[in-house]
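Working notes for the structure below.
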Amino acid sequence: MLTPFPRHRGPAPRRRPRTPRALTGAVCLLALAGTALGAAPAPAADAGVPPAPAADAVPPASVSWSADLSRTGSDDVNVRYGAGALRVRDGSVSPASLGRDRGYASAVLDPHHVDRPVDRVAVEVDATVPDEASVEVDVRGRAADGTWTEWRRAAAGAPAQLPRDVVDVQARLTLWNAEGEPTAAVRAVTLTATDTGPAPAEPAPTTRAAAFSARVYATREGLVGHTTANGHVIQVNDHFVALPSRRALSPKGSGQYSVQVCGPARCETAPVWDVGPWNTHDDHWNPSSVREQWKDLPQGLPEAQAAYEDGYNGGRDEFGRQVANPAGIDLADGTFYNVGLDDNGWVTVTYLWTEAGGDTTSFPTWGTDVSVRQQATATSTRVASLPGPTTVRVRCQVHGQLVTYDGYSNDAWSYLPDYGGYVSNIFIDVADAWLPGVPTC
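Going by my numbering, the sequence shown opens with residue -7, and the numbers climb by one from there.
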């Protein structure tokens, strides 16, 4: 018979599998109204009736909806809605890591659920955009297993191609002021999602691919009191990173896109909360073929490093600034010192959302509405929930806050790369409190 774990760090028995009371309130996704996907069923095959010509084939099913721009929320940064349009609220606010003077705003729109998988999203924007101001629209999708794709740019005439089928679509607007404060005014955004058909069959892999890792030059962000690209106000001894692309920018308080940074002393898992250094469209962790810019550079080589070391792009970043160091990542002060840096230097970065999210082990869970937390504490931000018993992929585990539930206690927490956060090992449905074969984060 299992007994409750005493209140100290170390191995702990768990509990018998059963469905407990809900841990916290349910998560509600605010979906936008839209037209359900669907196409008329194809007629049954009939002997002797020739097939319809290709020109008469049913086109890919699609659905369109209009975003509600008036609903600004906690994930939005420096936006205001008035007179029927979204605008930059304060022209002095800009992502901390970039050090630019132009006003910046970001609006993360509510996810929209579709009733069949889609993998391509086109966007139409009704906006007034002054010279030198700009509006960008990125989209991402959530698959049926709850995992998000990276953000992908969607422009007029250039739909965003998502890397896999998704059942929820989310859009994000990024606005930049022109010099002298003129701001774009976005009146309407219409999205159209399409199912482009099944991908060619591929043999199932025998092993999961590890998340992509690269050795990059890290700089200390500092800038306490400034605002990051996702709206976080930087604190003393903060723990997050900045990467030079918005494709992997987590919403405020979320660890949906996180990295493991390994320095001279230790490794730390930290969320991506800012954009920079130097560039904003340099997703250097992606293969060259899908990289947003600088497609002639190899995977893992930041543009700033190539510019600094080899004179690439005339030694300049995307804004024409002379690159003064090869930085491919900025580290908040807490992360910077925790991994063992006392000056800017080289670190190994693992981009945990890429490929299979790293070497992982799958475990069953139990419970309903189980919280996934940003850190290994019950008081940190809730980034996701497990609605009911399921299977999760665990990359690593740590000793964190002691959790007591239903007569059992444990201080071990598992990092779930698909959710960008930690879950108490109490809710991993195995007999061991410290998961066998899973490394320490």
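Glycine residues also receive a C-beta, built at the ideal position from the N, C-alpha and C atoms.
- Collapsing the DSSP output to three states places Thr327 in a helix.
- With a cutoff of 7 Å on beta-carbon distance, Ala202 and Asp351 are scored as near each other.
- DSSP places Gln297 inside the alpha helix (DSSP H), whose first and last residues are 295 to 302.
- Taking a 10 Å sphere around the C-beta of Asn70, we find 16 or more other C-beta atoms and assign the residue as buried.
- About 6 Å separates the beta carbon of Asn271 from that of Glu295, a gap short enough to meet the 8 Å contact definition.
- Closest by C-alpha distance to Pro122, out of Asp107, Leu90, Thr175, Arg145, is Thr175.
- Taking Ser126 as the centre and dropping the five residues before and after it, the same chain places the C-beta of Trp168 closer than 6 Å to its C-beta, in chain order.
- With respect to Val131, Ala146 sits close: the two C-beta atoms are nearer than 7 Å.
- Taking a C-beta distance under 7 Å as the contact criterion, Trp338 and Arg207 qualify as a contact pair.
- The beta carbon of Lys287 sits closer than 6 Å to the beta carbons of Ser280 from its chain, once the five residues preceding and following it are set aside; these are given in chain order.
- Pro431 and Val267 have their C-alpha atoms roughly 30 Å apart.
- Collapsing the DSSP output to three states places Ala240 in a helix.
- Fewer than three pairs of CB atoms, one per stretch, sit closer than 8 Å, so the segment 228 to 236 makes no contact with the segment 394 to 402.
- Val127 sits in a strand when the DSSP states are folded into three classes.
- In this structure, Tyr411 and Ala376 form a Cβ contact; the two beta carbons are roughly 4 Å apart against a cut-off of 8 Å.
- Contact check for Gly429 and Thr342: beta-carbon distance about 19 Å, past the 8 Å limit, so the pair fails to qualify.
- About 6 Å separates the beta carbon of Gly320 from that of Gln297, a gap short enough to meet the 8 Å contact definition.
- In this structure, DSSP gives Phe204 a state outside helix and strand, which the three-state scheme calls coil.
- Excluding sequence positions up to five before and after Gly380, its CB lies within less than 6 Å of the CB of Thr360, all in the same chain and listed in chain order.
- Considering only Pro155, Ala88, Gly138, the residue with the shortest C-alpha distance to Val110 is Pro155.
- Looking at the backbone, the Cα of Tyr304 and that of Val415 are separated by about 43 Å.
- In chain order, Ser89, Thr211, Ala234, Pro236, Ala296, Ala319, Asp322 place their CB closer than 7 Å to the CB of Pro269, counting only its own chain and leaving out the 5 sequence neighbours on each side.
- By the neighbour-count criterion, in which a residue is buried when 16 or more other Cβ atoms sit within 10 angstroms of its Cβ, Gly95 is buried.
- Apart from the 5 residues on each side of it in sequence, Ser84 sits with its Cβ closer than 7 Å to the Cβ of Gly95 in its chain, given in chain order.
- Contact between Arg164 and Trp143 holds, with the beta-carbon distance rounding to 6 Å and staying under 8 Å.
- In its chain, beyond the 5 residues on either side, Asp410 have a beta carbon closer than 7 Å to the beta carbon of Thr139.
- DSSP, read as helix, strand or coil, puts Ile226 in coil.
- Of the candidates Gly133, Ala152, Gly247, Phe355, Ala152 places its Cα closest to the Cα of Glu116.
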